[in-house]
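S.K.:
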Amino acid sequence: MKAYTFDHIYYPGHVIGENALYKHVHYPEMLTRYDSNFLAFTRQLTVEEFKDASLFLREFHQSKGQKHVKFLFPQDHKPSEELMDYFKQEGYDVGFNELYSIEPDQFPTVEENSDIEVKEVTKKELNDYLAFQYDQDMDYGREFADQKVDMHKRNFENPCIMQVLAYYKETPAGSVDVIIEEDAVEIDGLMVHETFQKKGIGSRLQRFVMDRFSDRDVILVADGEDTPRLMYQKQGYTCLGFRYEVQKVYK
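Mapping to our numbering: the sequence shown position 184 is 388, numbers consecutive.
1. Compare the C-alpha of GLN451 against each of PHE277, TYR214 and TYR215 and name the closest.
2. How would you call SER418, buried or exposed, if buried means at least 16 neighbouring beta carbons within 10 angstroms?
3. Along the chain, where does the beta strand (DSSP E) that runs through GLN439 open and close?
4. In chain order, what residues of the same chain lie with their CB nearer than 7 Å to the CB of ARG447, ignoring the 5 residues before and after it?
5. Quick one, are the C-beta atoms of LEU444 and LEU303 less than 7 Å apart?
6. What is the DSSP secondary structure of ILE405, counted as helix, strand or coil?
7. For the candidate residues ASP392, VAL314, LYS403 and THR399, whose alpha-carbon lies nearest to that of LEU424?
8. Specify, as a first and last residue, the run of the alpha helix (DSSP H) that ALA207 falls within.
9. Nearest CA to the CA of GLY406: which residue from ARG433, GLU385, ILE384 and ALA388?
10. Out of VAL453, GLU449, GLY440 and LYS455, which has the shortest C-alpha to C-alpha gap to ASP309?
11. Is LEU287 closer than 7 Å to GLU329 when the C-beta atoms are compared?
12. Since SER379 and PHE348 are thought to touch, with beta carbons under 8 Å apart, how far apart are those beta carbons, to the nearest angstrom?
13. Cα separation between PHE242 and GLU252?
14. Let's test the definition: count the other Cβ atoms within 10 Å of the Cβ of ILE220 and tell me whether it reaches 16, buried, or not, exposed.
15. By Cβ distance, which residues of its chain are closer than 7 Å to MET205, with the 5 residues on each side in sequence left out?
16. Helix, strand or coil for GLN270 per DSSP?
17. Ignoring anything shorter than 4 residues or poking outside the stretch 267-342, list the alpha helix (DSSP H) runs there in chain order.
18. Given a threshold of 16 other Cβ atoms within 10 Å of its Cβ, counted over all protein chains shown, does GLN401 qualify as buried or as exposed?
19. Determine the DSSP secondary structure at LEU235, reduced to helix, strand or coil.
20. In the DSSP assignment, what residue or residues form a beta bridge with PRO376?
21. Can you tell which of THR236, TYR333, GLN266 and ILE213 has the C-alpha that lies nearest to the C-alpha of GLU374?
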């Protein structure tokens, strides 16, 4: 297995600026998507350097009508205590993600269930997929959900992205996007509707990916403070590292 890092993780966005301290990623196609509009720091930094960078991003985002700022820190490095104190003082949300990988033949056997059917999204399933996603995206507001529809449609036309939908008794119940690379595929946005939790749908979606791409490594990112990461660990995924991120949303 290759040595994957967070640099292998896909995000819709464009690098529009870069210097010795950070890369500036911007996604005018969807300004409300925090994960596509941020600064990614390339090294450890001081509080004063962070203040300057945050002021730059705040002013840039304000000029675009955006209400947030977001920053990613170098992999496997926790921000200094001084920075952590500053984040708390200024009301930033602090979290971290973990990077996982697995070889498909290491993924556990999944019990068959005739009530569950997993399909690659084609034109036939696209409306079901869009409706399912819209329902989930409404948790973040109508503007976000409306803009996400266009992004899903762009992804549908992208040969490097496969959209997968799971049905439970013919009702859309879960989905995942698969980012296809030469040596690996990335599981992105794995979700199961709350009505259909604990029925094995998440495992069936993953099994579909493992079977379809049995010749490639599978990677994914999980919230370092959320329960799905425990599921991935039990399924045999290996943790390859962590990355801190902070964000703030202004009223």
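Virtual Cβ for every residue (Gly too), placed ideally from N, Cα, C.
Keep in mind it's a predicted model, so treat the numbers as computed, not measured.
M.R.: Reading from the atomic positions:
1. Measuring from the Cα of GLN451, the nearest candidate turns out to be PHE277.
2. Exposed: under 16 other Cβ atoms inside 10 Å.
3. Note, GLN439: premise wrong, no beta strand (DSSP E); not H, not E.
4. Excluding residues within five positions, the ones whose Cβ falls inside 7 Å are PHE210, LEU276, PHE277, GLN279, PHE300 and ASN301.
5. Cβ atoms of LEU444 and LEU303: closer than 7 Å.
6. Three-state DSSP puts ILE405 in a helix.
7. Comparing Cα-Cα distances from LEU424 to each of ASP392, VAL314, LYS403 and THR399, the minimum goes to ASP392.
8. From DSSP, ALA207 is part of no alpha helix (DSSP H); its letter is neither H nor E.
9. When each option's Cα is compared against that of GLY406, the closest is ARG433.
10. Of the candidates VAL453, GLU449, GLY440 and LYS455, the one whose C-alpha sits nearest the C-alpha of ASP309 is GLY440.
11. The criterion of a C-beta distance shorter than 7 Å is not satisfied by GLU329 and LEU287.
12. So it is not a contact: roughly 17 Å between Cβ atoms.
13. So the alpha carbons of these two residues sit roughly 18 Å apart.
14. Residue burial annotation: ILE220 is exposed, with fewer than 16 other C-beta atoms found within 10 angstroms of its C-beta.
15. Around MET205, the same chain offers SER305, GLU307 and ASP421 as residues with beta carbons nearer than 7 Å, after the five sequence neighbours per side are excluded.
16. In this structure, DSSP gives GLN270 a state outside helix and strand, which the three-state scheme calls coil.
17. Taking only runs of at least 4 residues, the alpha helix (DSSP H) segments lying wholly in the stretch 267-342 are 285-294 and 327-341.
18. That one is exposed.
19. DSSP places LEU235 in the coil class of the three-state scheme, outside both helix and strand.
20. Paired residues: TYR371.
21. Looking from the CA of GLU374, the closest CA among THR236, TYR333, GLN266 and ILE213 belongs to TYR333.
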